[in-house]
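Here's the structure, in structure tokens; my notes come after.
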Amino acid sequence: MNLFQFCNGIIVWLVELVNNLWYWLGDVLPWYFGDFFTGIGDFAGSHGHIVVMTIVLESLMVIIVALINVLNFIWLDRKLSGRIFDFYGPYYVGYRIGGWLQNLADGMKLFVKEIIVPAKADKLGFLLAPVIFVGSSFLILATIPLSPNFGIATNESGEFVTAGVLFAFAAFAIAPFSILLAGWSSNNKFTLIGGMRSAAQMMSYEIPLLLTVASVVLLAGSFSFVGIVDAQHDIWFAIPLFIGLVVFLVCIAAEVEVTPFDLPEAEAELVEGWTTEYSGMRFGLFMMTSYLRGYAGGALATALFLGGWQGPSLIPDEIWFLIKAYTVFVVIEWMRWSLPRVRVDQILELGWKRLLPLAVLNLLIAATFKTMGWFSG
Amino acid sequence: MTWELFIFLFLAASALISALLVVRAREIIHGVVALATCFIAVACMYIMLNAEFVAIVQILVYVGAIVVVILFGIMLTKREIMESGD
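Line by line, the protein sequences give chains A and B.
Taking the numbering used here, I'd label the letters of the first sequence as residues 1 to 377.
Taking the numbering used here, I'd label the letters of the second sequence as residues 1 to 86.
Right under this line is the structure:
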């Protein structure tokens, strides 16, 4: 049973339950109102309505899974930083469940805070930037399946969309636009500098990122997540394309702006980077979404290099996928809390002079393997 | 009127209106936001034509490169001149 059939079952059950009420009203009420309620019942029971509501429920389930993962990731991040940095607060917070509820408390605090819009800010851009950032980041997760049965980018019989990987990276590419918009519309020099740095960094690290993805796609011979994971049945792509995995992780760290690459929000130079003027839940959305992008990066690295949901069948597929994604996230966080920030004049040098040649070398290795016929896809 | 026609009319209207806003906007950045909206609406139309690959490449290449347009908009134009022009 895949996710579509599961959600379809729930929706059909709900519609039948509610239709009892509509048809009962249609029987009881006098002729005109009765026909009206019978019409509502007929519409609710029609095929198109049920399919649309199923898709809505599926999207909701993916969003809920993503948000629970984000809560876990923030918790994991705090605990790891407490461990590595000897922070007393995050390390000792919480009683029985290890401070997991701290995130909810932070969220509540941000919810009740006032949203301050600077007087000279550009209102349209200031409102639109968080919307685009959050929307495009959830869009990344739309095509990433947790297992062949748990993904929403399918048709009714459960066949996946063919260009899912490309779509995930296209959604990744929208974010610098919203960041630069946020930086510009706040009408503040620090936010503008942060937005400029972010645009330069994200644009230049996207090229090695996409080159490593191209090498994976070349080996697998498929653009869809299911095809790529199936191609790793014998050997994970992390082994033949080890350089690619390293380049991919560094580029993902730069794309989600964690510490060796957090120049856009370098709190020692720019106040809080491009989020300086944001307050309340708008800032909370930016923070939550940066962790969401960390989750998306971990999930992409899992699907492309670490064999996706494949593993001994003792544990369900979805749990395997999440275990691997969490491991990738822990590695990125480890890098985050133990490395110093890259200097601003070196960041483009690292991207263009080190990572890009490595990515091209990786592509050559992949092409060689493909030509030798070791990977048939 | 079928749903497909309704969605197509919505997308076409948003593409045309945002394309008009690109040339009519006072602030250059508002024009760039409208340009991104126009590209995304066109990408959605490609999806309606069953050309998913073209749609994704449209988003990846054009919407991704909007950032460069914003950078040029910020660095190569003077806001005072545009504000006094109205």
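Glycine included, each C-beta is placed from N, C-alpha and C at the ideal position.
Since the model is a prediction, treat every value here as computed from it, not as a measurement.
Neighbour list for residue i in chain B, Cβ cutoff strictly below 7 Å
i: A170/A; result: I56, I59, L60
i: P176/A; result: V67
i: V266/A; result: First, the residue type needs correcting, since residue 266/A is Ala and not Val in the sequence shown. The contacting residues do not exist; A266/A stays about 20 Å from chain B at best.
i: M203/A; result: V67
i: F167/A; result: I56
i: L218/A; result: What L218/A touches in chain B: nothing, since even the nearest Cβ is about 16 Å away.
Neighbour list for residue i in chain B, Cβ cutoff strictly below 8 Å
i: G125/A; result: I29, H30, V33
i: W184/A; result: I29, I70, I74
i: V161/A; result: E52
i: A173/A; result: I59, L60, V63, G64
i: L181/A; result: I29, V33, I70
i: L379/A; result: This structure cannot settle anything about residue 379/A, because the visible part of chain A is limited to 1 through 377.
Counted within 10 angstroms of its Cβ, other Cβ atoms place residue i as buried (16 or more) or exposed
i: L339/A; result: exposed
i: T77/B; result: exposed
i: M372/A; result: exposed
i: D262/A; result: buried
i: Q201/A; result: buried
i: T54/A; result: buried
i: N103/A; result: buried
i: S18/B; result: buried
i: I315/A; result: exposed
i: W267/A; result: In the sequence under discussion, the amino acid at residue 267/A is Glu, which differs from the Trp named in the question. Flag for E267/A reads exposed.
i: K324/A; result: buried
i: G135/A; result: exposed
i: M1/A; result: exposed
i: Y88/A; result: exposed
i: L60/A; result: exposed
i: L87/B; result: The first residue shown for chain B is 1 and the last is 86, placing residue 87/B beyond what the model contains.
i: L419/A; result: Chain A is shown from 1 up to 377; residue 419/A falls before or after that span and cannot be answered.
i: R293/A; result: buried
i: R354/A; result: exposed
i: A36/B; result: buried
i: N50/B; result: exposed
i: Y92/A; result: exposed
i: S204/A; result: buried
i: M196/A; result: buried
The ligand SAM heavy atom lying under 8 Å from the CB of residue i
i: R336/A; result: In the structure shown, the ligand SAM is absent, as is every other ligand, since no ligand is present at all.
Candidates the options, of which the one nearest residue i by Cα
i: S389/A; options: F138/A, V28/A, D122/A, F4/A; result: Nothing can be reported for residue 389/A: it is not among the residues displayed for chain A, which extend from 1 to 377.
i: G307/A; options: L300/A, F375/A, W236/A; result: W236/A
i: G31/B; options: N50/B, I47/B, V22/B; result: V22/B
i: L25/A; options: V15/A, L14/A, G39/A, V12/A; result: G39/A
i: I243/A; options: L363/A, W22/A, G195/A; result: L363/A
i: V56/A; options: I10/A, W100/A, L101/A, D77/A; result: I10/A
i: R336/A; options: I64/A, R78/A, G280/A; result: R78/A
i: L16/B; options: I47/B, G73/B, V42/B; result: V42/B
i: G107/A; options: C251/A, K189/A, L358/A, M288/A; result: M288/A
i: I56/B; options: L124/A, W374/A, F85/A, A171/A; result: A171/A
i: A254/A; options: T302/A, W22/A, L348/A; result: L348/A
i: Y46/B; options: I59/B, L20/B, A34/B; result: I59/B
i: V247/A; options: L285/A, G284/A, E206/A; result: E206/A
i: E114/A; options: V226/A, P145/A, S279/A, N188/A; result: S279/A
i: Q310/A; options: L361/A, G99/A, V226/A, V360/A; result: V226/A
i: K189/A; options: L17/A, L21/A, E265/A, G98/A; result: E265/A
i: I116/A; options: P148/A, F283/A, Q346/A; result: F283/A
i: S46/A; options: V15/A, L29/A, D234/A; result: V15/A
i: E52/B; options: V161/A, P148/A, L21/A, T143/A; result: V161/A
Amino acids of chain A, ordered along the chain, whose beta-carbon sits closer than 7 Å to that of residue i
i: A36/B; result: F177
i: V42/B; result: Result: empty, since nearest Cβ-Cβ is about 14 Å, beyond 7 Å.
Nearest-angstrom Cβ-Cβ length linking residue i and residue j, presumed shorter than 8 Å
i: S186/A; j: F126/A; result: 7 Å
i: L249/A; j: I365/A; result: With 8 Å as the limit, L249/A and I365/A do not qualify as a contact, their Cβ atoms being about 17 Å apart.
i: V63/B; j: I40/B; result: 6 Å
i: P193/A; j: L270/A; result: Sequence check: residue 193/A is Ile here, not Pro. With a Cβ gap of about 6 Å, I193/A and L270/A count as contacting.
i: S198/A; j: I132/A; result: With 8 Å as the limit, S198/A and I132/A do not qualify as a contact, their Cβ atoms being about 14 Å apart.
i: G82/A; j: P208/A; result: Contact doesn't hold; Cβ gap of about 33 Å is too wide.
i: G41/A; j: N19/A; result: 5 Å
i: T259/A; j: T191/A; result: About 20 Å; that fails the 8 Å criterion.
i: L141/A; j: A303/A; result: L141/A to A303/A, Cβ: 12 Å. No contact.
i: K370/A; j: L218/A; result: 6 Å
i: M391/A; j: F150/A; result: Outside the displayed range of chain A (1 to 377) lies residue 391/A, so it cannot be described from this structure.
i: I29/B; j: W13/A; result: With 8 Å as the limit, I29/B and W13/A do not qualify as a contact, their Cβ atoms being about 49 Å apart.
i: F321/A; j: L76/A; result: The Cβ separation is near 16 Å, so there is no contact.
Under 9 Å by beta carbon: chain B residues contacting residue i
i: D122/A; result: E27, I29, H30
i: V93/A; result: Those do not exist, as V93/A stays about 39 Å from chain B at its closest Cβ, beyond 9 Å.
Residues that residue i contacts on chain D, provided the C-beta gap is smaller than 9 Å
i: A199/A; result: The question asks about chain D, but that chain is absent: this structure's protein chains are A and B.
- Task: Determine contact between the segment 230–247 of chain A and the segment 162–180 of chain A, defined as no fewer than three beta-carbon pairs at a distance below 8 Å.
- Result: A contact is defined here as three or more CB-CB pairs under 8 Å, and the segment 230–247 of chain A fails this definition with respect to the segment 162–180 of chain A.
- Could you tell me whether the segment 65–72 of chain A touches the segment 21–34 of chain A, using the rule of 3 or more Cβ pairs below 8 Å? The segment 65–72 of chain A, when compared against the segment 21–34 of chain A, does not touch it at the 8 Å Cβ threshold.
- Is the segment 205–213 of chain A close to the segment 144–164 of chain A, with three or more CB pairs under 8 Å? These segments do not touch.
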